[in-house]
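**Q**
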DNA sequence: GAGCAGATTAGACAAAGTCCAAAGATTGAA
DNA sequence: TTCAATCTTTGGACTTTGTCTAATCTGCTC
Ligand SMILES: [Mn+2]
Ligand SMILES: [Mn+2]
Ligand SMILES: [Zn+2]
Ligand SMILES: [Zn+2]
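Below, the structure is given as structure tokens:
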């Protein structure tokens, strides 16, 4: 696994490499995505980008998230029926989902193995295997 | 695994057992859910119930789906970001998801095993492990 | 019958996401 | 530098999924 730097010049180079213009808005959004916080919703990205000052519209956030997703820079996590979450971690990995709080934690795919998956119908190919471990606080752990 | 009959009298008994009244609408919805088609969205259930004649409102379909889900008669499948699907198969099982067509197929949990799941934080308990195999038609199989 | 609890309903509402047409920004050739 | 083509951004309309509410309906029991 190669370490990627996500400072401004690196992100500019990354976008250029994918043939898209490194606009101010895209850089702001990239900075939010590739920063500390993982698994953000579009709304959360919008809020973070515009935190200090309004810099980006809702439409651009959605445009950019879909663009980055198509380029493989981020991936979608489908676990909360209310909204898609965007994940800058594109290494194969899985998720622990706290159904009470909505909190999501990564599970490294390396440690984990699945056996017994059925044969695919001919002509079909696997795009990915997503494992979601749904957890909650146990009865005992609550007062 | 116990075979369950889903004819009208059995469903009536099932609802009574859970302390809810077997109304006409609930029976119609149960009939759609427990019939041949699995993994239906709320909208599809509504359409099927009202196919021959209008019998149920949108609100009642949602009420009933949530009620059945709370009673454990059906479960939600979170795989399509656009809508929740409802699954009358409450046996532990997983899903194959065709990302192009949206088609969903069950994968029996018996044949399948996952190893290497991390320890849960203390006080947390697993509610379920969902595995989604995302597949699509291979390049080769398309013209 | 009256009274009561629970169920159904139309339609208002909210949130996520897409779409569009207008305006703004970049680019690169002349 | 200028100009036009192209790409990008944007407000806001729109769509879809799902929830909520207040009014009505249904089915009991007395
Ligand atoms: Mn900023
Ligand atoms: Mn019918
Ligand atoms: Zn992740
Ligand atoms: Zn299923």
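Protein chains in written order, with the numbering used here: chain B, 14 to 156; chain E, 14 to 156. Just so it is clear, CB atoms sit at the ideal spot from N, CA and C, and this is done for glycine as well. Keep in mind it's a predicted model, so treat the numbers as computed, not measured.
(1) Look at the alpha carbon of residue 22 (chain E) and the alpha carbon of residue 60 (chain E), and state the distance between them as a whole number of angstroms.
(2) Run the Cβ filter for me: residues under 5 Å from any heavy atom of ligand 4, listed in the order they occur in the chain.
(3) In terms of DSSP beta bridges, what is residue 148 (chain B) paired with?
(4) Taking only runs that begin and end inside the segment 81-127 of chain E, name each unbroken beta strand (DSSP E) of 3 or more residues, in chain order.
(5) For residue 59 (chain B) and chain E, any beta-carbon pair shorter than 8 Å?
(6) Considering Cα atoms alone, identify which of E:38, E:134, E:31 and E:27 is closest to residue 62 (chain E).
(7) So with Cβ pairs under 8 Å, would you call residue 124 (chain E) a contact of chain B?
(8) So, does the CB of residue 117 (chain E) fall closer than 8 Å to a CB anywhere in chain B?
(9) Pick helix, strand or coil for residue 70 (chain E), following the three-state DSSP scheme.
(10) Ligand 3 heavy atoms versus the CB of residue 90 (chain B): any closer than 7 Å?
(11) Closest to residue 58 (chain E) by C-alpha separation, out of E:138, E:134, E:116 and E:100, would be which residue?
(12) Under 8 Å: do the segment 101-116 of chain E and the segment 108-120 of chain B share three or more Cβ pairs, one atom per stretch?
(13) Can you tell which of B:92, B:19 and B:86 has its C-alpha closest to the C-alpha of residue 48 (chain B)?
(14) Would residue 77 (chain B) be called buried (16 or more neighbouring beta carbons within 10 Å of its own) or exposed?
(15) Give the DSSP-derived three-state secondary structure of residue 40 (chain B) in the structure shown.
(16) Can you find a C-beta in chain B that's less than 8 Å from the C-beta of residue 136 (chain E)?
(17) Going by C-alpha to C-alpha distance, which of E:52, E:65 and E:31 sits closest to residue 41 (chain E)?
(18) I need the boundaries of the alpha helix (DSSP H) containing residue 23 (chain E), first residue and last residue.
**A** According to the structure data:
(1) Indexing the second chain from 1 puts residue 22 (chain E) at position 9. Indexing the second chain from 1 puts residue 60 (chain E) at position 47. When rounded, the distance between both Cα atoms is 24 Å.
(2) E:100, E:102 and E:119
(3) Residue numbering aside, residue 148 (chain B) sits at position 135 when the first chain is read from its first letter. Paired residues: B:111 and E:139.
(4) 88-93, 96-100, 106-111 and 117-121
(5) Within the first chain, numbered from 1, the residue matching residue 59 (chain B) stands at position 46. No, residue 59 (chain B) lies away from the interface with chain E (no Cβ there is under 8 Å from its Cβ).
(6) For this step, residue 62 (chain E) is matched to residue 49 along the second chain. Comparing Cα-Cα distances from residue 62 (chain E) to each of E:38, E:134, E:31 and E:27, the minimum goes to E:38.
(7) Locating residue 124 (chain E) in the second chain gives position 111, counting from the first residue. Cβ-Cβ to chain B under 8 Å: yes for residue 124 (chain E).
(8) The residue given as residue 117 (chain E) occupies position 104 in the second chain. No - not a single Cβ of chain B is within 8 Å of the one on residue 117 (chain E).
(9) Counted from its first residue, the second chain places residue 70 (chain E) at position 57. Here residue 70 (chain E) sits in coil by DSSP.
(10) Reading the first chain from its first residue, position 77 is the one you call residue 90 (chain B). Within the cutoff, so yes.
(11) The count along the second chain starts at 1 and reaches residue 58 (chain E) at position 45. When only C-alpha atoms are compared, the closest one is E:100.
(12) no
(13) The residue you call residue 48 (chain B) lines up with position 35 of the first chain. Among B:92, B:19 and B:86, the Cα nearest to that of residue 48 (chain B) is on B:19.
(14) Counting from 1 along the first chain, the entry for residue 77 (chain B) is found at position 64. By the 10 Å Cβ count, residue 77 (chain B) comes out buried.
(15) Counted from its first residue, the first chain places residue 40 (chain B) at position 27. Residue 40 (chain B) falls in the helix class under three-state DSSP.
(16) Translated into positions along the second chain, residue 136 (chain E) becomes position 123. For residue 136 (chain E), the answer is yes, since a Cβ of chain B falls inside 8 Å of its Cβ.
(17) Position 28 of the second chain, counting from 1, holds the residue named residue 41 (chain E). Per the C-alpha coordinates, the member of E:52, E:65 and E:31 positioned closest to residue 41 (chain E) is E:65.
(18) As a first step, residue 23 (chain E) is located in the second chain; it is residue number 10 there, counting from the start. 21-30 is the span of the alpha helix (DSSP H), which, as asked, contains residue 23 (chain E).
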